[in-house]
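Undergrad: Residue numbers (the working numbering), protein chains in the order written: chain U, 1 to 482; chain V, 1001 to 1194.
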Amino acid sequence: MVVAALGAALFIFGDRIQAAETSFPIYFPDSKLVVKADVTNRTVYVPIKEIIAHTGLPFTDSVALETLTIRSGSNQLVITKNSALISFNGQIILLPSPILREDNRWLAPVEFLTMGLSKMTGSAFRYRPGTARIFVGNVDVPELEMNAQTLGPITRLTLRSAAPINLELKRDDPLKPVLTINRGPLDPVRERIDHRDRLLRSVTYDDSDGESKLILDVTRDVADVRITPANNNRIFFVDLLRTGEAVTAAPPPTEPPATATAKADAPATNRRVRVVVIDPGHGGMDTGARTAAGSEKDLTLTLARRLRTALQARLGATVLLTRDSDVALDNEARSAVANNNQANLFVSLHIGYSADKMEAASSIYIMKDGYGDASSEAGGKDQLFLPWYLGYKVHRQGSRTAANILQQELAKGISGWKFPIRHAPLAVLSSATMPSVLIEVGNLNNTVNAQTLLETDFQTRLINAMVDAIHRFSESPQAAAN
Amino acid sequence: MALGFFVDVIGRVQSVIKDESETEENPFQPPAQPLYDPTDPPVSVKLFFPSASGDPLLAVEDETIFKSSELTNRALQILQKVQDGPRKGGMFPALPKETKVQEIFISEQGTAIVNFSNTLATNHPGGVESELATIYSIVNSVTYNLPEIKEVKILIGGVEKETLAGHCLLLLPLQMDLSVTNATPRVENTASVR
């Protein structure tokens, strides 16, 4: 009985229990406003009276009618307490969550700004789910990319910005050095990176007070932090040096490879692949193909790690692996890593196994066209709710382009090997909502072929061909369609 | 008189028990019916098996079945031949060892629901290419020769599986795909009865 009552109470008041308050900066073209947003069950609620007052639009707050009316010229926007429906000049707009009114404060889901208020102000409110900031109108926000790498005794954080920035280091707390970025708002590609080596635990982008900064979480082993700017303050190398090691003995930061500099010179808008997710097939109990030469799960992980390093150096992209250790993952979890990180490309790596020991065929797979068409038609014409296994439909053309480019580059890089493109109903590709391909290389059951797969020289050629392909894909129009 | 009645009752009870025990011997065994009549004419079919070269994925073998009037029986004959494996060289068996076709049901809409023994998944060597080859050997062999069957849904051990052995989706029924073969689209004089 008591448990049931507690359960009911949790059900009814659960929303409020999970509410958390966060600072939410809103960047206008010539000013900024920091509001306190309530995050309730993943819905971000913002106090809209403050925001409307900042835009200078007149409004009427009617306590008796429980409505708030905003006016701008002949336009009128009416919102009602506890309702997800708002009215713009008599036209009804449905918000994902209802508008709340608490203690004389009007709280609206953040989509109210992008779907409703933007019609009144005439300037777009840009909000990316998962972030805690909004850009209004044509406010200038260069992208900020960050990558961390362990380079022998030092750990290097590389920052790339689309416009020149200035960095200032504050080490008030030796375990939490802060890099203040002296520039207006920035648009970080990722909010946080978890590195977890012997010097650096994580880096978090923080602009909760409207000032851009990076908060580093470092270990006690860090003796010094050295910042080296490059490329007219568009690239910064932040090197963490270890205790006990003479500072002078630490290797000076090297200039990035020529290709990386050339790439970084290009405006960030030209580089369309910002996040690549690589999926080493199998893992844990699921060994994949296994012979005396080794297991598929180990070989795919080795290749994926090498591909990550090469892609980071060459493309400057954020590269994530679906697994970075020997763990089992189901297909859905793999594509979810790509979906959740808004990847621009998803590459699943597999090693082949054929019953015939002579065959050494490799293939490039893309999701079978038309898979699930019949069932989605039966489900109704409106595609508001797409079954998870139909996620692939959004980027069919992009997947095809990626497969074609990979086929050409692999044929160039590994002579004598054929890489036919096949269409298959593959679970791991079906729910990935970005261009996605699966590559199956070689045949582990063929002794000679398996030896080749294990050779470092062959792996290097394979990785280089794939990096060339992904580099080419990043410049194709299909990559931009993301 | 009373004794006679008692004997009669015992006799009836015994006969009931005997009947039950007879049926219990094989409760789920379907009556063993041949898949075709001796008078059914033979008809040639094309079966698809994984090719040795791997390119194309599936090669074609010509076989003969008997044109029985039941669509289910024709489908079962084809699946039997797929289960038996290729007779020519240059091809591999499509199904893993010890795999049996257990049931088939064909819906009015032309979806064949085929149930295989668990070994289809447990004995499968895995790998994207070989899973794809197994699935389309089954789907193409059935749909190519029997135009009434538009799509095939594969069940394993009587239940729906997400994938065959980790890669290829079995969630939805699959249609014929000749892009993995050298076969030309079928002509209409196939094993169907009109």
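Built from N, CA and C at the ideal position, the CB exists for glycine as well.
1) Please identify the residue among L307(U), T287(U), N340(U), A355(U) whose C-alpha is closest to the C-alpha of L329(U).
2) Under 8 Å between the Cβ atoms of G159(U) and V238(U)?
3) Helix or strand or just coil, what does DSSP make of G391(U)?
4) Are there 16 or more other CB atoms within 10 angstroms of the CB of Q1080(V), so buried, or fewer, so exposed?
5) Going by DSSP in three states, N464(U) sits in which element: helix, strand or coil?
6) I'd like the list of long-range same chain contacts for R306(U), defined as Cβ closer than 7 Å, with 5 residues on each side in sequence excluded.
7) Would the segment 118-129 of chain U and the segment 146-160 of chain U be scored as touching if the rule is three or more Cβ pairs under 8 Å?
8) When you compare only the Cα positions, how much space is there between P153(U) and T302(U)?
9) Find the residues of chain A that neighbour D286(U), judging by a C-beta separation of less than 8 Å, and give them in chain order.
10) Please identify, using Cβ separations under 7 Å, the residues of the segment 1132-1152 of chain V that lie next to chain U, in order along the chain.
11) In the segment 1067-1086 of chain V, which residues sit with their C-beta less than 7 Å from some C-beta in chain U, listed in chain order?
12) What residue does the alpha helix (DSSP H) around M120(U) start on, and which one ends it?
13) Select from L33(U), T433(U), G56(U), L169(U) the residue whose C-alpha is nearest the C-alpha of G347(U).
14) What residues in the segment 430-441 of chain U bring their beta carbon closer than 9 Å to a beta carbon of chain V?
15) With the cut-off set at 8 Å, would you say S354(U) and E1129(V) are in Cβ contact?
16) Are the beta-carbon atoms belonging to I490(U) and L299(U) less than 8 Å from one another?
17) So that I know if they touch, is there some Cβ in chain U lying closer than 8 Å to that of V1101(V)?
18) List the residues of chain U whose Cβ lies closer than 8 Å to the Cβ of L1120(V), in chain order.
19) Rounded to the nearest angstrom, how far is the Cβ of P280(U) from that of R323(U), given a contact under 8 Å?
20) For Y365(U), return the contacting residues in chain V, with the cut-off set at a CB-CB distance below 7 Å.
21) Quick one, which of L1047(V), V1043(V), D1040(V) has its alpha-carbon nearest D1133(V)'s?
22) For the beta strand (DSSP E) that contains S87(U), what are its first and last residues?
23) Cα-Cα, which of V78(U), P129(U), M120(U) is closest to V43(U)?
24) Straight-line CA distance for N1123(V) to S474(U)?
25) Since Q451(U) is in the beta strand (DSSP E), which residue starts that stretch and which ends it?
26) My output table needs one value for F473(U): the three-state DSSP class, helix, strand or coil.
27) Name the residues in the segment 108-137 of chain U whose C-beta lies less than 8 Å from a C-beta of chain V; which are they?
28) DSSP beta-bridge partners for T43(U)?
29) Mind checking if H423(U) is an interface residue toward chain V, Cβ cutoff 8 Å exclusive?
30) The alpha helix (DSSP H) spanning E440(U) covers which residue range?
31) Quick check: is the beta carbon of G283(U) nearer than 8 Å to any beta carbon in chain V?
32) So, helix, strand or coil for Q1109(V), using DSSP?
33) At which residues does the beta strand (DSSP E) containing F423(U) begin and terminate?
34) State the beta-bridge partners of V1180(V) as determined by DSSP.
35) Quick one, which residues of the segment 1156-1182 of chain V are near chain U if we go by CB-CB under 9 Å, in chain order?
36) Determine the closest residue to F1066(V) out of V1082(V), P1041(V), M1176(V), with distance taken between C-alpha atoms.
TA: Checking against the coordinates, here is how it stands:
1) The residue you call residue 329(U) lines up with position 329 of the first sequence. Closest by alpha carbon: T287(U).
2) Within the first sequence, the letter at position 159 stands for residue 159(U). Within the first sequence, the letter at position 238 stands for residue 238(U). The sequence given here places Leu at residue 159(U); Gly does not occur at that position. Yes, the pair counts as a contact, with Cβ atoms nearer than the cut-off.
3) Taking the first sequence and counting its residues from 1, the one referred to as residue 391(U) is at position 391. Helix, per DSSP.
4) Start at 1 with the first residue of the second sequence, and residue 1080(V) comes out as number 80. Classified as exposed, Q1080(V) has fewer than 16 neighbouring CB atoms from the shown chains inside 10 Å of its CB.
5) For the purposes of this step, residue 464(U) is taken as the residue at position 464 of the first sequence. In this structure, N464(U) counts as helix in the three-state DSSP scheme.
6) The residue labelled residue 306(U) in the question sits at position 306 within the first sequence. Cβ neighbours of R306(U) beyond the five flanking positions: Q459, I463.
7) Contact between the segment 118-129 of chain U and the segment 146-160 of chain U is absent, with fewer than three C-beta pairs closer than 8 Å.
8) Indexing the first sequence from 1 puts residue 153(U) at position 153. Indexing the first sequence from 1 puts residue 302(U) at position 302. Note on geometry: alpha-carbon atoms of P153(U) and T302(U) lie some 22 Å from one another.
9) This model lacks chain A altogether, as its protein chains are U and V.
10) Cβ proximity to chain U below 7 Å picks out L1132 from the segment 1132-1152 of chain V.
11) Result list empty, no residue passes.
12) For this step, residue 120(U) is matched to residue 120 along the first sequence. Counting along the chain, the alpha helix (DSSP H) containing M120(U) begins and ends at 118-121.
13) Against the first sequence, residue 347(U) aligns to sequence position 347. The amino acid occupying residue 347(U) in the given sequence is Val; Gly does not appear at that position. Considering only L33(U), T433(U), G56(U), L169(U), the residue with the shortest C-alpha distance to V347(U) is T433(U).
14) Listed by position along the chain: S430, L438, E440.
15) As a working mapping, residue 354(U) is identified with position 354 in the first sequence. As a working mapping, residue 1129(V) is identified with position 129 in the second sequence. Yes, the pair counts as a contact, with Cβ atoms nearer than the cut-off.
16) Absent from the structure is residue 490(U), since the part of chain U shown begins at 1 and ends at 482.
17) Locating residue 1101(V) in the second sequence gives position 101, where the first residue counts as 1. It does not; no Cβ of chain U falls within 8 Å.
18) Along the second sequence, read from residue 1 onward, the residue named residue 1120(V) stands at position 120. Taking a Cβ-Cβ threshold of 8 Å, none of the residues of chain U is close to L1120(V); the smallest such distance is about 15 Å.
19) Looking up residue 280(U) in the first sequence gives position 280. Looking up residue 323(U) in the first sequence gives position 323. Correct: roughly 6 Å between the Cβ atoms.
20) The sequence position of residue 365(U) within the first sequence is 365, counting from 1. What Y365(U) touches in chain V: V1128.
21) Translated into the one-based positions of the second sequence, residue 1133(V) becomes position 133. With the sequence shown as reference, residue 1133(V) is identified as Ala, and Asp is not the correct amino acid for it. When only C-alpha atoms are compared, the closest one is L1047(V).
22) Taking the first residue of the first sequence as 1, we reach residue 87(U) at position 87. 85-88 is the extent of the beta strand (DSSP E) around S87(U).
23) On the first sequence, position 43 is the one that residue 43(U) refers to. The sequence shown places Thr at residue 43(U), not Val. Of the listed residues, the one whose Cα sits closest to T43(U) is P129(U).
24) What you label residue 1123(V) is simply residue 123 of the second sequence in a count that begins at 1. What you label residue 474(U) is simply residue 474 of the first sequence in a count that begins at 1. Rounded to whole angstroms, N1123(V) to S474(U) spans 41 Å at the Cα level.
25) Sequence index remark: in the first sequence, residue 451(U) carries index 451 (1-based). No beta strand (DSSP E) holds Q451(U); the alpha helix (DSSP H) holding it covers 447-454.
26) By 1-based counting over the first sequence, the position of residue 473(U) is 473. F473(U): helix per DSSP, three-state reduction.
27) The segment 108-137 of chain U vs chain V, Cβ under 8 Å: nothing.
28) By one-based count along the first sequence, residue 43(U) stands at place 43. Paired residues: T40(U).
29) In the first sequence, the residue the question calls residue 423(U) occupies position 423. Interface with chain V (8 Å Cβ-Cβ cutoff): H423(U) is included.
30) Numbered from 1 along the first sequence, position 440 holds the residue referred to as residue 440(U). Taken as a continuous stretch (DSSP letters only), E440(U) belongs to no alpha helix (DSSP H), being part of the beta strand (DSSP E) at 436-441.
31) Locating residue 283(U) in the first sequence gives position 283, counting from the first residue. G283(U) does not count as touching chain V.
32) Stepping through the second sequence from its first residue, residue 1109(V) is reached at position 109. Three-state result, Q1109(V): coil.
33) Reading the first sequence from its first residue, position 423 is the one you call residue 423(U). In the sequence under discussion, the amino acid at residue 423(U) is His, which differs from the Phe named in the question. Boundaries of the beta strand (DSSP E) harbouring H423(U): 421-424, taken from the DSSP string.
34) For the purposes of this step, residue 1180(V) is taken as the residue at position 180 of the second sequence. Beta-bridge partners assigned by DSSP to V1180(V): none are found.
35) Against chain U - using a Cβ distance shorter than 9 Å - the residues of the segment 1156-1182 of chain V are E1162, T1163, G1166, H1167, C1168, L1169, L1170, L1171, L1172, P1173, L1174, Q1175, D1177, S1179, V1180.
36) As a working note, residue 1066(V) is residue 66 in the second sequence. It is P1041(V) whose Cα lies nearest to the Cα of F1066(V).
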